[in-house]
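Report on one structure; see the data block that follows.
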Amino acid sequence: MIRAALALVALLVGVLALQWKDWPPAPSAVGLDLPAGTGGESGAPGDPDPLARLTPPEPRDSYASVTERPLFRPERKPEEPQPEDAADETQPEVATSLDGMDVSAVIITPAVVAAWIRDPKAPDLKRLRLGDDLEGWSVKEIQSDRVVLERQGELDELLLRDFSKAQAPAAPTPPTARARPTPATQRQGPPQQGPNVPRTLPRRPN
């Protein structure tokens, strides 16, 4: 029994060895439409390259219309390119308004030149020096009563706030007291004579 099994294994090994010897098989010329006379031999001099006979693919630009105009929406058309100038105009402009701002204090010394700006939109004062930026404006000069700002050749000034001219808040008017109604006076009639009050009799002439 063991000998029969060993013989069967040896036979299978021999068959596998014969098949491995002839692997891989030679390429077949069927389906390549090679011209007659080549004999199906690849690599012979003068044989045309099969890859050269393939049709080259279409350029990538030809597929752009497919993405821009879908099959299910043929009315859709590609957007026209906008000029660069129009694209720049659509960009939102940065707010650079100085409305409501004024100078609260100015310090000019040989060592320090600074000004404090009050912005109604900010809770704290902002300290500025020469060359600092304020809402897109550059501090060009700091004078005793004003701050000169510059932006793209345009000049603007923030004046020092004069606190002496600030109007004091008006005092609230006291509420008017409501007049009390006067009580109605009782009408006094003639005194009534009681039983115990002596009556005065008229004097008779002599």
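In our numbering, the protein residues as written are 135 to 340. C-beta atoms are modelled at their ideal positions from N, C-alpha and C, and glycine is treated no differently.
Just the Cα atoms here: how many angstroms apart are residue i and residue j?
{"i": "L150", "j": "A144", "result": "10 Å"}
{"i": "D296", "j": "V281", "result": "14 Å"}
{"i": "L289", "j": "P217", "result": "32 Å"}
{"i": "D183", "j": "T189", "result": "13 Å"}
{"i": "G287", "j": "G265", "result": "14 Å"}
{"i": "P215", "j": "D258", "result": "47 Å"}
{"i": "G174", "j": "R187", "result": "The predicted model places G174 with a pLDDT of 47, which falls under 50 and marks its position as unreliable, so this point remains unresolved."}
{"i": "K255", "j": "A245", "result": "31 Å"}
Run the CB neighbour count on residue i, radius 10 Å, all protein chains shown included, and call it buried at 16 or more, exposed below.
{"i": "M135", "result": "exposed"}
{"i": "L293", "result": "exposed"}
{"i": "I276", "result": "buried"}
{"i": "L268", "result": "buried"}
{"i": "R137", "result": "exposed"}
{"i": "L283", "result": "buried"}
Apart from the five residues just before and just after residue i, which ones in its own chain have a Cβ nearer than 6 Å to its Cβ?
{"i": "G148", "result": "none"}
{"i": "P191", "result": "none"}
{"i": "V247", "result": "I276"}
CB-CB under 8 Å to residue i, same chain, minus the five flanking residues each way: which ones, in chain order?
{"i": "S278", "result": "V240, I242, L294"}
{"i": "L142", "result": "none"}
Short of 7 Å in beta carbon distance, which residues of its chain neighbour residue i, apart from the five on each side in sequence? Order them along the chain.
{"i": "M235", "result": "I251, R252, D253, L292"}
Residue ranges of each beta strand (DSSP E) within the stretch 235-266, 3 or longer | Correct list: 236-242, 247-252, 260-262.
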